[in-house]
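Heads up: the structure comes next, in structure tokens.
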Amino acid sequence: MGFPLEAVPNFSEGRNPETVDAIGEALSRHAHLLDVHVDADHNRSVFTLGGQEDELVEALLGGIGVARGRIDLSAHEGVHPRVGTADVVPVVGVRPEDMERARTTASRLARRVGEELGLPVFLYGGEGRGPAFFRRGGTAELQRRIDEGELAPDFGPSRLDPAAGAVLVGARRPLIAFNVNLQTGDLEVAREVAAVVREAGGGFPGVRALGLALPSRGIVQVSMNVEDPQAVALHDAVARVWAEARARGVEPAESELVGLMPAASAVGGLGVPNLDESRLLEPRLRELGG
13 MGFPLEAVPN FSEGRNPETV DAIGEALSRH AHLLDVHVDA DHNRSVFTLG
63 GQEDELVEAL LGGIGVARGR IDLSAHEGVH PRVGTADVVP VVGVRPEDME
113 RARTTASRLA RRVGEELGLP VFLYGGEGRG PAFFRRGGTA ELQRRIDEGE
163 LAPDFGPSRL DPAAGAVLVG ARRPLIAFNV NLQTGDLEVA REVAAVVREA
213 GGGFPGVRAL GLALPSRGIV QVSMNVEDPQ AVALHDAVAR VWAEARARGV
263 EPAESELVGL MPAASAVGGL GVPNLDESRL LEPRLRELGG
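Residue 13 is where the sequence shown starts when you use our numbering, and the numbers rise one by one after that.
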């Protein structure tokens, strides 16, 4: 038995606890549910799973099926971009030697979602073809790109499901999803800081960042993905966000880790309460054996 793989499916529901619980129950029937992060403003839930290839395929297929039956994307409101009820479903090879297993597992899952659930599935990954490439402009723009021949689903129909949209499936190495909240309601401040920090704006390589409003809390957030934690130290990215916010007269609020993080990236000074070994990826997966 190989070292467990990780999966981090993101579902477009963060306000209905019954739906979140139902998705979690479906996922945990076949794989180990390690973490659930729910955000009402994003209207999104991020589940972290561990398991072997067959376990993850069955778990993810079940979770996506529940989401398809319970979430109506046409009535969905939330600050996080999305194109599906099961918006993005990454399979993660924690060690470099596990990446081929992750890619094979992602392809198997994508085929079954297209064939058994009848949803259009796009395999993401590679230069310039991350989730943001497909989410640009939302579902209406994605359908237009399909209709005009710019894109084609890798599996499933060429029409987006009116309620469930599409599913983005990929394989990747571990990343860190990390949010820094700012003590202001001025969304422009968050957008300016995110623009400075992300790679596209000349910031840190492999860092994706968005400035988002959190209406229920009356504050804003810089939401980051650090895609290569070995190349970019998380504490450096966080320190830059704090510095840029303070340069605009805004103090940082509490930060939050979404899901689990590689153990090597866990340092103090991140502004996350209760950051202990339970939030570290490798120790949690070792508990599963392999």
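Positions of the beta carbon are idealized from the N, C-alpha and C atoms, including for glycine.
These figures come from a predicted structure and were not determined experimentally.
Am I right that residue i and residue j are in contact with their C-beta atoms under 8 Å? What's the rounded C-beta distance?
i           : j           : result
residue 218 : residue 232 : The Cβ separation is near 23 Å, so there is no contact.
residue 62  : residue 39  : Going by Cβ atoms, the distance from residue 62 to residue 39 rounds to 11 Å, so no, they are not a contact pair.
residue 67  : residue 92  : Actually they are not in contact, since the Cβ atoms of residue 67 and residue 92 sit about 28 Å apart, beyond 8 Å.
residue 321 : residue 18  : Here the chain comprises residues numbered 13 to 302, so residue 321 is not present and cannot be evaluated.
In the DSSP assignment, find the alpha helix (DSSP H) that holds residue i and state where it starts and stops.
i           : result
residue 111 : 111-124
residue 146 : 143-147
residue 295 : 293-298
residue 231 : Element bounds for residue 231: not the alpha helix (DSSP H) but the beta strand (DSSP E), 231-238.
Taking only three categories from DSSP, how would you classify residue i?
i           : result
residue 210 : coil
residue 244 : coil
residue 75  : helix
residue 177 : strand
residue 282 : coil
residue 27  : coil
residue 160 : coil
residue 261 : coil
residue 14  : coil
residue 33  : helix
residue 80  : helix
residue 70  : helix
residue 153 : helix
residue 95  : coil
residue 172 : coil
residue 135 : strand
residue 194 : strand
residue 129 : helix
residue 89  : coil
residue 269 : strand
Return the chain-ordered list of same chain residues with a C-beta closer than 7 Å to the C-beta of residue i, the five sequence neighbours on each side being excluded.
i           : result
residue 336 : Residue 336 falls outside the range modelled here, since the chain spans only 13 to 302, and no answer is possible.
residue 289 : 295
residue 228 : 52 and 53
residue 291 : 269, 272 and 273
residue 166 : 122, 133, 134 and 135
Hey, could you find the ends of the beta strand (DSSP E) residue i is sitting in?
i           : result
residue 18  : 17-19
residue 45  : 44-51
residue 108 : Note, residue 108: premise wrong, no beta strand (DSSP E); not H, not E.
residue 185 : Where residue 185 is concerned, there is no enclosing beta strand (DSSP E), given that its DSSP letter is neither H nor E.
residue 219 : 219-226
residue 306 : Outside the displayed span of the chain (13 to 302) sits residue 306, for which this structure offers no information.
For residue i, which residues of its own chain have a beta-carbon under 6 Å away from its beta-carbon, when the five flanking residues on both sides are left out?
i           : result
residue 310 : This structure cannot settle anything about residue 310, because the visible part of the chain is limited to 13 through 302.
residue 274 : 186, 241 and 293
residue 88  : 24
residue 254 : 264
residue 100 : 22, 143 and 180
residue 168 : 126, 131, 132 and 133
Leaving out five residues before and five after residue i in sequence, what residues of the same chain have Cβ atoms less than 8 Å from its Cβ?
i           : result
residue 262 : 194, 195, 196, 198 and 201
residue 246 : 188, 190, 238, 273, 277, 279 and 282
residue 266 : 193, 283, 284 and 285
residue 244 : 216, 217, 218, 219 and 238
Below 8 Å, how does it come out for the segment 90-110 and the segment 73-81: are there three or more Cβ pairs, yes or no? yes
Assess contact between the segment 121-137 and the segment 45-55, defined as three or more Cβ pairs (one per stretch) separated by less than 8 Å. Is contact present? no
Can at least three beta-carbon pairs, one atom from the segment 152-162 and one from the segment 180-196, be found at a separation below 8 Å? no
Are there three or more Cβ pairs, one per stretch, closer than 8 Å when the segment 103-116 is compared with the segment 168-187? yes
Specify whether the segment 137-152 and the segment 208-217 touch according to this definition: at least 3 beta carbon pairs, one from each stretch, less than 8 Å apart. no
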